[in-house]
Amino acid sequence: METKTEHPKLKEIKFTLYRIFRNPSAIIGIILLLAFTFVAIFAPLIAPPKYKHRPYMMPHKGYSMTPKAPNKDHVFGTTSGQYDIFYGVVWGTRSAFKVGIIVVITAFVIGASLGIIAGYYGGWIDEIIMRVVDVFFAVPFTILAMAFVVRFGRGLDQIMIALTLVVWRRYARVMRAGVLSVRNEDYILAAKSMGVTDIGIMLRHVFPNAVYPVMVIAFMDAGSIVITAAFLSFIGLGAPIGYADWGQMLAMARNYIVGPAGEPLKFWYTIFFPGTAMILFVLAWNLFGDAIRDAFDPKLRRK
Amino acid sequence: MAAFIARRLMFMVVVLFGVSILMFSILMSFSPERRAAAFVRTPQQVKEIPNLVKKYGLDKPFYIQYVNWIKQISQGNFGYSTVAASPTLDAIKKYFPTTIELNLFSLPIIITLGIWLGTVAGIHRDTFIDHTTRIVAIIGWSLPTFLFALILLMIFYSQFQLFPPEIISNHIDDFISNNPDKFIQYTGMYVIDGLLNGNFEVVFDALKHLVLPVVTQVTVVIAILVRVMRSSMLEEISKDYIITAKAKGVDTHTINHKHAKKNALLPAITVAGWLVALSIEGSVAVEFIFNRAGLGLLLVKAATQLDIPVVLAISILLGLIYVVANLIIDVLYAVIDPRIRLN
Chain Z
1 METKTEHPKL KEIKFTLYRI FRNPSAIIGI ILLLAFTFVA IFAPLIAPPK
51 YKHRPYMMPH KGYSMTPKAP NKDHVFGTTS GQYDIFYGVV WGTRSAFKVG
101 IIVVITAFVI GASLGIIAGY YGGWIDEIIM RVVDVFFAVP FTILAMAFVV
151 RFGRGLDQIM IALTLVVWRR YARVMRAGVL SVRNEDYILA AKSMGVTDIG
201 IMLRHVFPNA VYPVMVIAFM DAGSIVITAA FLSFIGLGAP IGYADWGQML
251 AMARNYIVGP AGEPLKFWYT IFFPGTAMIL FVLAWNLFGD AIRDAFDPKL
301 RRK
Chain W
1001 MAAFIARRLM FMVVVLFGVS ILMFSILMSF SPERRAAAFV RTPQQVKEIP
1051 NLVKKYGLDK PFYIQYVNWI KQISQGNFGY STVAASPTLD AIKKYFPTTI
1101 ELNLFSLPII ITLGIWLGTV AGIHRDTFID HTTRIVAIIG WSLPTFLFAL
1151 ILLMIFYSQF QLFPPEIISN HIDDFISNNP DKFIQYTGMY VIDGLLNGNF
1201 EVVFDALKHL VLPVVTQVTV VIAILVRVMR SSMLEEISKD YIITAKAKGV
1251 DTHTINHKHA KKNALLPAIT VAGWLVALSI EGSVAVEFIF NRAGLGLLLV
1301 KAATQLDIPV VLAISILLGL IYVVANLIID VLYAVIDPRI RLN
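Top line first, the protein sequences correspond to chains Z and W. First residue of the first sequence: 1, per my numbering; consecutive thereafter. First residue of the second sequence: 1001, per my numbering; consecutive thereafter.
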């Protein structure tokens, strides 16, 4: 008789997926994320660029400062400077993914490596690395990011560098805590006694067992970093003028939150569309990150 | 206890030393000429920049310049601010009260309301009130501060013309600057100064300007406290001593509010540092959107116009406030929970 036994790893993955998908808010998060991914991937088809060589620049007809309401040519209307809001929202999705993902991945690589090294070796290496982390933690997030942006100058790439230099601190701290909890496990000792090199142990045994808490934070950060980047763009430190970026689109709309007498909310669309896009984007990552945490949390996992 | 505080103080000094090095490195990464520009006050002086580089030793090695810089800072000299057109320290003194005033109103609300909402949500798990609190918390968590502030302005200022931006109405500002003898500015905070001068028109006007900023600040910062308070309340309620109390016939209200809540507050204190950080960051966005002349607005203006001395000075100041706040929280925590200090 043949009994079907599943590979334990496969079983674990199935169980995790089950835990993620029985949570309704997780499903909302995943649907939203998929929708945004779809928009980002098919941006050239949804909103064909006018300037082929620089698609991130929003097309604009004329230079009139007064926004125009949604119409046949511009479904979401145009914002101050006659930039097409629909185009900006679509291509802004790409900018948002770009900022969120690049910053998180770079910061993850830096923070997680330093966290593993500090936690695994301990001693003075740990002491030095973690005191540096403490120093970076001593200044609140946005403030430190602004100090770095002032150093690197305006621009989206500069913002991404500045944010990376701030975000890594949390990954290092959380990663180290995770490493400390597995460092003295028997399987690590076993690997050591078998002569596996330190790097091999760190990569193959320590990392996979200590990485989940960091991953959860990273997922949530992919959304919240976009907020900070948008704020930096909003105050004028970020994307160049006309670049498809939600923060900058909100900045363009800022002078129009008060409409003419009698119609105070006349220019609602200048805030509404980029604002909604941004809120849903962040919400999507947060819901997704929340679900991942619930799914991986060993305390909640087996009950 | 003394040993614990001493250890924490040592740690704080080390961290602050690190922060000063970090900020100084940002400063040092500019060319000596660029840094010399911070000392320039008139257009004529631009020609003298090479002399200034010599005079202030801006071409010396890192550690010498660092020592000079620290000496300057300890004497309160943070350089000249081009944005504020005054020495940086004077600018900070002028703008700081506005930021303090905002947080003086928002922090007590955040703490009391946050603890209350979290407790209630924890007690009435999975009921209407729990779900509502949860949704509000998630919205507060996902909503960018500056966007929320913009939306509030659109609704309550533009549509209903209720709560205006800025700190104070123009005619009151004129009155204050024209009558320095009738209205003495003790603290620079309009509500408190108004009360001290017995001028309730000023108090009322300043409060009207504070409503939206405080609402924004509370909504954005409170989420984390509500979440932690709720989950810690849930954990406490399921513990053995609660069951004992129930078995003894203690009424539910006493169990929840006298027994469980007290212990549930402990984990909530651990996010207090986070609340401080969020409040500091929130103030920056709030002041920028509502055009309130506080430290946050000064920081944004300085950052966009690359006024380096101000950005560094404010970063150091806010870092200092944050680190000291964390020290106080740690000590407080150790006082309440002996297990911490024995570790």
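Where a beta carbon is used, it is the ideal one built from N, C-alpha and C, also for glycine.
Asked: Length-filtered (4 minimum) alpha helix (DSSP H) runs lying within the region 1177–1244 of chain W; Found: 1190–1197, 1200–1237
Asked: First and last residue of the uninterrupted alpha helix (DSSP H) at Z:G275; Found: 268–296
Asked: W:G1188 versus W:G1273: straight-line alpha-carbon distance, rounded; Found: 27 Å
Asked: Members of the region 1140–1152 of chain W that neighbour chain Z once the beta carbon cut-off is set at 8 Å; Found: W1141, S1142, L1143, P1144, T1145, F1146, L1147, L1150, I1151
Asked: Integer Cβ distance of Z:F231 from W:A1285, believed to fall under 8 Å; Found: 6 Å
Asked: Cβ-based burial, Z:V206 [other Cβ within 10 Å; buried from 16]; Found: buried
Asked: Residue span of the alpha helix (DSSP H) that contains Z:G236, given as start and end; Found: Here Z:G236 belongs to no alpha helix (DSSP H), and DSSP marks it neither H nor E.
Asked: Contact list for W:E1281 against chain Z, beta-carbon separation under 8 Å; Found: P140, F141, T142, I143
Asked: Euclidean distance between Cα positions of W:S1283 and Z:I102; Found: 28 Å
Asked: Given 8 Å, three or more beta-carbon pairs between the region 272–282 of chain Z and the region 1138–1156 of chain W; Found: yes
Asked: Contact between the region 288–296 of chain Z and the region 1175–1189 of chain W (3+ Cβ pairs under 8 Å); Found: no
Asked: Whole-number beta carbon distance between W:V1218 and W:L1147, since they are thought to touch under 8 Å; Found: That pair is no contact at about 16 Å.
Asked: Own chain, CB closer than 8 Å to Z:I201, minus 5 neighbours either side, in chain order; Found: Y120, I188, A191, K192
Asked: Three-state secondary structure (DSSP) of W:S1158; Found: helix
Asked: DSSP state of Z:T197 mapped onto helix, strand, coil; Found: coil
Asked: Residue span of the alpha helix (DSSP H) that contains W:D1059, given as start and end; Found: Segment: none, W:D1059 is in no alpha helix (DSSP H) and carries neither H nor E.
Asked: W:V1136: first and last residue of the uninterrupted alpha helix (DSSP H) it sits in; Found: 1128–1142
Asked: Given W:I1222 as reference, the closest of W:L1162, W:V1136, W:M1023, W:F1163 once Cα atoms are compared; Found: W:V1136
Asked: Distance between W:Y1066 and W:Q1072 (C-alpha atoms, nearest Å); Found: 10 Å
Asked: Interface flag, W:I1026 vs chain Z, CB-CB below 8 Å; Found: yes
Asked: Per-residue burial, Z:K11 [other beta carbons within 10 Å of its own, 16 or more giving buried]; Found: exposed
Asked: Under the three-state DSSP convention, the category W:N1326 falls into; Found: helix
Asked: Close-in-space but distant-in-sequence residues of the same chain around Z:K303 (CB under 6 Å, 5 per side omitted); Found: The predicted position of Z:K303 is uncertain, since its pLDDT is 46 and thus under 50; no value can be drawn from it.
Asked: Inside the region 9–77 of chain Z only - alpha helix (DSSP H) runs reaching at least 4 residues; Found: 24–41, 43–46
Asked: Check whether Z:P264 and W:S1158 have beta carbons under 8 Å apart; Found: yes
Asked: Residues bridged to W:S1081 [DSSP beta-bridge criterion]; Found: W:S1086
Asked: Span separating the alpha-carbon of Z:V211 from that of Z:P24; Found: 25 Å
Asked: Where W:P1050 falls, given that 16 or more other Cβ within 10 Å makes a residue buried; Found: exposed
Asked: Range of the contiguous alpha helix (DSSP H) that encloses W:K1055; Found: 1049–1055
Asked: Option nearest W:L1210 by Cα separation, candidates W:Y1190, W:V1250, W:K1047; Found: W:Y1190
Asked: Nearest to W:A1149 (by Cα), restricted to the options W:E1287, W:L1318, W:N1263; Found: W:E1287
Asked: W:S1029 at chain Z interface by Cβ criterion, 8 Å; Found: yes
Asked: Proximity winner among Z:A177, Z:N255, Z:V226, Z:L237, relative to Z:W246 (alpha-carbon distances); Found: Z:V226
Asked: Pairwise C-alpha distance: W:L1104 and W:K1047; Found: 46 Å
Asked: Where W:Q1075 sits in the DSSP three-state scheme; Found: coil
Asked: Beta carbon of W:L1152 nearer than 8 Å to that of W:L1212; Found: yes
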